[in-house]
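Chains as they are written, first to last, in the numbering used here: chain A, 280 to 644; chain B, 280 to 644.
Written out as structure tokens, the structure is:
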């Protein structure tokens, strides 16, 4: 079997001595089938896949998604439910004689799992909770995925540069965030990949600040953290900019964070661990005396989801592999004063990493 | 004890012979505590509540949300975790001697529940899965909530009317949706309450159509389904409009749908069931020969969530109560041709219902 995702999944089914796996996680569903529907929420699924080793894989959904499912899920048989997914699944499990069924424990509500367990018991199916199986396949990007990620990064940078050029003292954080998200959509993004962060002055001390009605002021650091979704693939970039002249402290801190970013960039290659990548940046920030002010990990994987494996943090002792796409985003956060964060995306290669960003706005000051 | 939500929950804790309930669902968390943080996803919680009958209620969160939690969750003790929620919860359960702990099975990942079960076992706590408990309290809106919903409806209508006045043949569905969402945010909405639907001509045949790049054409029905979030509370409204003169068929269908809406509006009052409300509208559409072309329920509750209980559908045999806020949104969908949907929001009263919408655009043609 080749390395296409469905074949990887089939191999995993064999290894785990399962008869089939139920896929409910939306990005995994898309990755395996090409079906692009998203879930309004985890409680409002737009369908599940049932994959086994030999039978034709199935996409179970409801009539609202019938046309889209047929058009997109190439190689899948589309089956429609009208009285809920579980009623149809029960029939299918029985007909196919599924004795051991894996399901995505990390994207399955406990309440739904209780119902699934009742259904499974009736047809003699044993349930096997799985976590992160397809997510593991998704970590290594193929050529087509890398192209889509590059396009998403380019679009994101275009939007940033257009809005950056229009920034003025007195605009509020919310106005800037709105301009960013509007420009994204005008330029063809399907959506922001997460809620845009614009955090100026003291607000920047919160890594996950929500844009406020506070007007931008001269000289203060302004963190802009933004990403687009284009053709399903995400981008994620942070710049810290200043209107007017940055003072000495701001300038120094930006330089520390940039040096940390460059140190991690120089370190990252296939074979080092996520922990080692994180440490490379963290050491620089520690040496500058701000070790306690860098409270989050160095980065995370990006692909169909804006936050996915692998994480670049002290908790990840696994080795990076070529083809993984990660963010490199060190920061320094000083309560009451503000924050600095710089974030690029990179693809891991056998002998290093390639930065996907071309934008250098305020990086090297 | 009065009827405030926390006291209702405490009464439920007693009735179920529990020692405490863990609240993870974001709207429930906000409803009970005033803490307005949302979850980026169900896997990235911004905190949980632990409520028991006598002890001070707790809000467990991490340092990113510390300031917000302290400022908003009045009457709650804020406790911060740095090595995950479950590690802190374990200590608290032990210290408080919680023997039976209820948790929200409908907003708890199966994988997280497995971990919670291991933690609970270690400290001798029995887990009791609950579903929809706080959602039941949320169905009846108090005066303050109704005020907020009214404001959200007003804002939504202002946005609709402004964008409606700017509609021109040749604009694409996506452009219109973008104009709507941009105008919402300019006017102070925190967000759209769901992804705006603009579905013209044949696209209107899909109740959950996604805006496309197809330009609007003269004479075709254009479904615009939109809602805002303002101060946490949602609105939801649908109009079907026509640029230029509607043809006879469009005009007829709009009239059928409007008559169905008015029939349901006349029927709805405290004491009738969701099923009866649905039937009142469905009968009109059936009589006109389009019974099979109204494939969804008549409506749903609206509040902190844009889709919440009660549902107005053939499946809901429970009685409506005064203070519930529901949508009334019949529709007719003809594959290949398009669709008509009209949606208002109403608050149920003891002797009828009060329509919250003032907008009459294209309703009575």
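Glycine included, C-beta positions come from ideal geometry on N, C-alpha and C.
| Query | Result |
| --- | --- |
| Taking Cβ positions only, does residue 412(B) come closer than 8 Å to chain A? | no |
| Determine the chain B residues that contact residue 321(A) at a beta-carbon separation under 7 Å, and present them in chain order. | 321 |
| Can you find a CB in chain A that lies within less than 8 Å of the CB of residue 390(B)? | yes |
| What residue ranges within the region 359-390 of chain B form continuous beta strand (DSSP E) runs of no fewer than 3 residues, ordered along the chain? | 379-383 |
| Should residue 400(B) be labelled buried (16 or more other beta-carbon atoms within 10 Å of its own) or exposed? | exposed |
| Would the region 537-545 of chain B count as touching the region 563-577 of chain B if we require 3 or more Cβ pairs under 8 Å? | yes |
| Whose C-beta lies closer than 6 Å to the C-beta of residue 324(A) among residues of the same chain, with five residues either side of it excluded? | 318 |
| What's the call for residue 282(A), buried or exposed, on a 16-neighbour Cβ count within 10 Å? | exposed |
| Measure the Cβ-Cβ separation of residue 328(A) and residue 416(A) and say whether it is below 8 Å. | no |
| Going by CA-CA distance only, name the one from 385(A), 375(A) and 369(A) that's closest to residue 395(A). | 369(A) |
| Tell me which residues share the same chain as residue 432(B) and place their Cβ nearer than 8 Å to its Cβ, disregarding the 5 neighbours each side in the sequence. | 514, 516, 624, 635 and 636 |
| Could you give the residue range of the alpha helix (DSSP H) that holds residue 305(B)? | 305-312 |
| Contact criterion: CB-CB distance below 8 Å. Does residue 461(B) meet it with respect to chain A? | yes |
| Reducing DSSP to helix, strand and coil, say where residue 608(A) ends up. | coil |
| Does DSSP put residue 280(A) in a helix, a strand or coil? | Bear in mind that a pLDDT of 37 at residue 280(A), under 50, signals an unreliable position, so the model cannot answer this. |
| Within the same chain, show all residues whose beta-carbon is closer than 8 Å to that of residue 380(A), passing over the 5 residues directly before and after it, in chain order. | 297, 298, 299, 300, 301, 372, 399, 404, 405, 406 and 407 |
| Give the secondary structure of residue 463(B) by DSSP, where H, G and I count as helix, E and B as strand, and everything else as coil. | helix |
| Determine the contact status of residue 477(A) and residue 455(A), defining contact as a CB-CB distance below 8 Å. | yes |
| Quick one: does residue 373(B) have its CB under 8 Å from some CB of chain A? | no |
| Going by DSSP in three states, residue 299(A) sits in which element: helix, strand or coil? | strand |
| Can you find a CB in chain B that lies within less than 8 Å of the CB of residue 291(A)? | no |
| At a Cβ threshold of 8 Å, is residue 509(A) touching chain B? | no |
| Pairing CB atoms from the region 420-439 of chain A with CB atoms from the region 483-499 of chain A, are three or more of them under 8 Å? | no |
| Under 9 Å Cβ-Cβ, which residues of chain B neighbour residue 457(A)? | 461, 464 and 465 |
| Is the region 566-574 of chain B touching the region 582-600 of chain B, taking contact as three or more C-beta pairs under 8 Å? | no |
| Which residue wins for smallest C-alpha separation from residue 320(A), given the options 622(B), 539(B), 305(B) and 332(B)? | 305(B) |
| Give the interface partners of residue 272(A) over in chain B, defined as CB-CB distance under 9 Å, in chain order. | Nothing in the structure corresponds to residue 272(A), since chain A is present only between 280 and 644. |
| How big is the Cα-Cα spacing for residue 606(B) and residue 622(B)? | 6 Å |
| Look up residue 557(B) in the DSSP assignment and say whether it is helix, strand or coil. | helix |
| Skipping 5 residues on each side, what residues in its chain have a beta carbon closer than 8 Å to that of residue 441(B)? | 462 |
| What are the residues in the region 567-589 of chain B lying within 8 Å of chain A by C-beta distance? | 574 and 586 |
| Counting along the chain, where does the alpha helix (DSSP H) carrying residue 435(B) start and finish? | 422-445 |
| Could you name the residues that DSSP lists as bridge partners for residue 590(B)? | 579(B) |
| Taking residue 375(B) and residue 334(B) to be in contact with their CB atoms under 8 Å, please state how far apart those CB atoms are, rounded to whole angstroms. | 6 Å |
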